[in-house]
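What follows is a set of notes on a single structure, which appears directly below.
What follows is the structure, given as structure tokens:
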């Protein structure tokens, strides 16, 4: 728990919709201890920094949002004192990770290592629409519109400071209704494709600029602080131009820090 008056600090490890030199997959580190979508973690955090991680929030099961989770756990397992990492996700996402990743075929079942009684990995289910205590924060998951079961999250500290994160989604209603209801002023939003690829964005469960701006205005959220993530690098300049109509928009890049 942070002291009163402290800021909510979000370190951007990666904020790209695909990976190439200079662009890293999704990953956010909150107050040095909670990971939001571990697509990019281990190449950027020292072992000492990784040791501080207590909780991991996962929006959905796609590889670009979970890639480094196996390596975080593998590094943790090598410590003299193995401390459990709590991984929070939808029930459907947990099932996918258990059956297709941590299955002793693709990667070890870390829910049983080093011993089943004290595993390095413990899964916890997120219940959409309910606040849960996660790593010192109140976290509410909200179902969004993607090609696999997926949820955005609203994260609040004990003083009510908070941030919303869409994860991957196309046009959605519930998330924006919850953002409005909870009075969240800072929102990390995905925009993967430019307006010229509107059909591809819609069919794959992603936002394009025009659709996002329409949704933000529909729910009177267009003057909140909007942080854009998950842009496909080849479309960066085009999407930035198409989003220029919003007053308070910022495109995230790996290495920067958001302080709320």
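Residue numbers (the working numbering): 15 to 274. Beta carbons: idealized from backbone N, C-alpha and C, even for Gly.
Checklist entry - Whose CA, out of 273, 256, 241, lies closest to the CA of residue 30? => result Within the chain shown, residue 30 is the residue found at index 16, counting from 1. Ranking 273, 256, 241 by Cα distance to residue 30 puts 241 first.
Measuring CB to CB, does residue 165 end up less than 7 Å from residue 73?
-> As a working mapping, residue 165 is identified with position 151 in the chain shown. As a working mapping, residue 73 is identified with position 59 in the chain shown. Taking 7 Å as the Cβ cut-off, residue 165 and residue 73 qualify as a contacting pair.
Original post:
Regarding residue 267 and the ligand PLP, is the C-beta to nearest heavy atom distance less than 6 Å?
Top reply: The ligand PLP is absent from the structure shown, which contains no ligands of any kind.
Buried or exposed by the 16-neighbour rule on C-beta atoms within 10 Å, applied to residue 51: Position 37 of the chain shown, counted from the start, is the residue given in the question as residue 51. Residue 51 comes out buried.
* Asked: Looking only at its own chain, which residues have a Cβ that is under 8 Å from the Cβ of residue 64, when we skip the five neighbours before and after it?
  -> To locate residue 64, count along the chain shown from 1; it is residue 50. Result list for residue 64: 55, 56, 86, 89, 90, in chain order.
Would residue 83 be called buried (16 or more neighbouring beta carbons within 10 Å of its own) or exposed?
-> As a first step, residue 83 is located in the chain shown; it is residue number 69 there, counting from the start. Buried: at least 16 other Cβ atoms inside 10 Å.
- Item | Extent of the continuous beta strand (DSSP E) run through residue 103 | In the chain shown, residue 103 corresponds to position 89, counting from 1. Counting along the chain, the beta strand (DSSP E) containing residue 103 begins and ends at 99 to 103.
Beta carbon of residue 98 nearer than 7 Å to that of residue 136: Locating residue 98 in the chain shown gives position 84, where the first residue counts as 1. Locating residue 136 in the chain shown gives position 122, where the first residue counts as 1. Contact flag set, yes.
| How is residue 201 classed by DSSP in three states: helix, strand or coil? | As a first step, residue 201 must be located in the chain shown, where it is residue number 187. Correct three-state label for residue 201: strand.
Limits of the alpha helix (DSSP H) - the one that residue 256 falls within:
Numbered from 1 along the chain shown, position 242 holds the residue referred to as residue 256. 250 to 256 is the extent of the alpha helix (DSSP H) around residue 256.
What's the C-alpha gap between residue 158 and residue 142?
On the chain shown, position 144 is the one that residue 158 refers to. On the chain shown, position 128 is the one that residue 142 refers to. Going from the Cα of residue 158 to the Cα of residue 142 covers about 10 Å.
Residue 78 by DSSP, collapsed to three states: which one? Residue numbering aside, residue 78 sits at position 64 when the chain shown is read from its first letter. Helix.
query = Hey, would you say residue 67 sits closer than 7 Å to residue 80, going by beta carbons?
reply = Looking up residue 67 in the chain shown gives position 53. Looking up residue 80 in the chain shown gives position 66. Result no, Cβ atoms of residue 67 and residue 80 do not sit closer than 7 Å.
**OP:** Tell me whether the beta-carbon of residue 168 lies closer than 7 Å to the beta-carbon of residue 196.
**Re:** In the chain shown, counting from the first residue as 1, residue 168 sits at position 154. In the chain shown, counting from the first residue as 1, residue 196 sits at position 182. Against a cut-off of 7 Å, the Cβ pair of residue 196 and residue 168 comes out as a contact.
Alpha carbons only, please: which of 256, 252, 232 is nearest the one belonging to residue 224? Numbered from its first residue, the chain shown carries residue 224 at position 210. Nearest C-alpha to residue 224: 256.
| said: For residue 239 and residue 199, I'd like the C-alpha separation in whole angstroms. | reply: The sequence position of residue 239 within the chain shown is 225, counting from 1. The sequence position of residue 199 within the chain shown is 185, counting from 1. So the two alpha carbons sit approximately 6 Å from each other.
- Message: Do residue 138 and residue 100 have their beta-carbon atoms positioned less than 7 Å apart in this structure?
- Response: On the chain shown, residue 100 is found 86 positions in, with the first residue counted as 1. On the chain shown, residue 138 is found 124 positions in, with the first residue counted as 1. Yes, these two residues count as a Cβ contact at 7 Å.
Q | N-terminal and C-terminal residue of the beta strand (DSSP E) that residue 155 is part of | A | Residue mapping note: residue 155 aligns to position 141 of the chain shown, counting from 1. Per DSSP, residue 155 belongs to the beta strand (DSSP E) from 151 to 157.
- Item | C-beta atoms of residue 245 and residue 205 nearer than 7 Å | Indexing the chain shown from 1 puts residue 245 at position 231. Indexing the chain shown from 1 puts residue 205 at position 191. For residue 245 and residue 205, yes; Cβs fall inside 7 Å.
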